[in-house]
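J.: Numbering of the sequence shown is given in the working numbering, commencing with residue 11 and proceeding in unit increments.
Provided herewith is a single structure, encoded as structure tokens, for subsequent inquiry.
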Amino acid sequence: MTRSGFHASHEQIAPGPLLRDVRAAQDAGFTAAVCSDHLAPWSAAQGQSGFAWSWLGAVLATTDLPSGVVTAPGQRYHPAVHAQAIATLAAVFPGRFWAALGSGQALDEHVTGDPWPRKGEREARLLECVEVVRALLADEEALHLAHEQWAPAILGSPVAWDLALPRDFEHVAAYVRPEDVHPSVLASADPGRHAAWLAELADLGFEHVYVHHVGQHQQEFLDVYGSRVLPALEQS
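Structure (structure tokens):
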């Protein structure tokens with residue numbers, strides 16, 4: 011059965027209210043949670059960016075939900091630090107924590123002052139970091155020799171990964187029209203449509219589907235999902 015999870019967006023909501031939202035998500039019937047690991051919000055209007063790792067400890071301690079994080083090793087975090095953070099949460103909350111490692115965004119990683127690599131270089135760095143993290147989690151000695159020079163990228167990185175500041179995103183977003191968003195985002199005010207979308211994703215074989223309500227009023231969203239969407243999925 012596909013697990014329906016709640017996406018906790020640190021860049022949108024302050025850590026305290028977001029923790030309450032995850033508890034409410036569990037009460038509404040969500041069975042998992044995932045959060046982002048942002049250093050900065052997408053825009054000044056969002057205004058939030060809690061530290062994911064300390065916040066995850068609170069979530070795992072005060073809910074029964076399996077919870078995870080999307081995070082990037084190799085620049086803001088040394089892979090050994092990532093391995094320590096992952097191992098700590100996994101030891102305290104066995105079987106309930108996971109981490110998805112990605113190649114990162116300049117918005118969050120540029121704070122180190124190091125050059126921002128192109129996408130191909132970041133992907134090569136990611137693979138090397140994953141090897142180190144896995145070795146350390148397996149209690150192995152991580153002796154890893156990195157390339158002196160990263161392989162050149164074939165294609166330039168997407169704009170979203172290369173912008174460094176919230177105001178940069180605000181500038182670019184000013185040119186985005188609603189019709190530009192529709193092909194990429196499933197959005198509807200009809201709870202039945204949401205239930206149908208989730209059922210379609212389950213039929214495709216997804217084991218976990220995380221739902222992200224892009225807005226400040228999470229409780230209203232959770233009330234509707236808890237009373238009309240998640241029960242419909244259980245009956246299907």
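For glycine and all other residues, C-beta sits at the position ideal for the given N, C-alpha and C.
All values reported here derive from a predicted model rather than from experimental measurement.
Using the three-state DSSP reduction, which class does ALA43 fall into: helix, strand or coil?
T.: If DSSP states are grouped into helix, strand and coil, ALA43 belongs with the strands.
J.: Report the rounded CA-to-CA distance for GLY39 versus VAL191, giving the unit in angstroms.
T.: When rounded, the distance between both Cα atoms is 28 Å.
J.: Would you please state the rounded distance, in angstroms, between the beta carbons of SER46 and ALA62? I believe it to be under 8 Å.
T.: With a Cβ gap of about 7 Å, SER46 and ALA62 count as contacting.
J.: So, helix, strand or coil for TYR220, using DSSP?
T.: Three-state DSSP puts TYR220 in a strand.
J.: Where ALA34 and SER64 are concerned, what is the direct C-alpha to C-alpha distance, given to the nearest angstrom?
T.: If I take the Cα positions, the gap works out to 19 Å.
J.: Should the stretch 13 to 29 be regarded as contacting the stretch 211 to 228, the criterion being three or more beta carbon pairs within less than 8 Å?
T.: The answer is yes - the stretch 211 to 228 touches the stretch 13 to 29, with three or more Cβ pairs under 8 Å.
J.: Which first and last residues belong to the beta strand (DSSP E) in which PHE107 is found?
T.: Segment 107 to 111, the beta strand (DSSP E) holding PHE107.
J.: Report buried or exposed for GLU131, applying the criterion of at least 16 other Cβ atoms within 10 angstroms of its Cβ.
T.: When all chains shown are included, GLU131 counts as buried.
J.: Looking at the structure shown, is THR73 part of a helix, part of a strand, or coil, going by DSSP?
T.: The answer is coil: DSSP assigns THR73 none of H, G, I, E or B.
J.: Counting only the same chain and skipping the five closest in sequence on each side, list residues whose C-beta sits under 6 Å from that of ALA242.
T.: Once the five neighbours on either side are set aside, the close Cβ partners of ALA242 are ALA205.
J.: ARG86 and THR41: beta carbons closer than 9 Å?
T.: Contact: no.
J.: Please report the distance separating the alpha-carbon of SER53 from that of PRO176.
T.: Those two C-alpha atoms are separated by around 4 Å.
J.: Do VAL44 and GLY78 have their C-beta atoms closer together than 9 Å?
T.: For VAL44 and GLY78, yes; Cβs fall inside 9 Å.
J.: I believe VAL143 touches PRO89 by the beta-carbon criterion, under 8 Å. Please report the beta-carbon distance rounded to the nearest angstrom.
T.: Yes, VAL143 and PRO89 are in contact; Cβ-Cβ is about 5 Å, under 8 Å.
J.: Would DSSP call GLY15 helix, strand or coil?
T.: Correct three-state label for GLY15: strand.
J.: With 16 as the cutoff for other CB atoms within 10 Å, does SER194 come out buried or exposed?
T.: SER194 should be labelled exposed.
J.: From the DSSP output, read off the bridge partner residues of THR81.
T.: Per DSSP, LEU111.
J.: Report yes if the C-beta distance between LEU28 and GLY60 is below 9 Å; otherwise report no.
T.: Taking 9 Å as the Cβ cut-off, LEU28 and GLY60 qualify as a contacting pair.
J.: Is the CB-CB distance between CYS139 and PRO76 below 9 Å?
T.: No, they are not a contact pair.
J.: If distances are taken between C-alpha atoms only, which option among LEU208, ALA145, LEU136 and PRO125 comes closest to GLN94?
T.: Among LEU208, ALA145, LEU136 and PRO125, the Cα nearest to that of GLN94 belongs to ALA145.
J.: Let me see if you follow: with CB-CB separation under 9 Å, is ALA100 close to chain D or not?
T.: The displayed structure is made up of one protein chain only, and chain D is not part of it.
J.: Of all the options GLN226, TYR235 and ALA100, which has the alpha carbon lying nearest to the alpha carbon of GLN55?
T.: In the sequence as displayed, the identity of residue 55 is Ala instead of Gln. Ranking GLN226, TYR235 and ALA100 by Cα distance to ALA55 puts GLN226 first.
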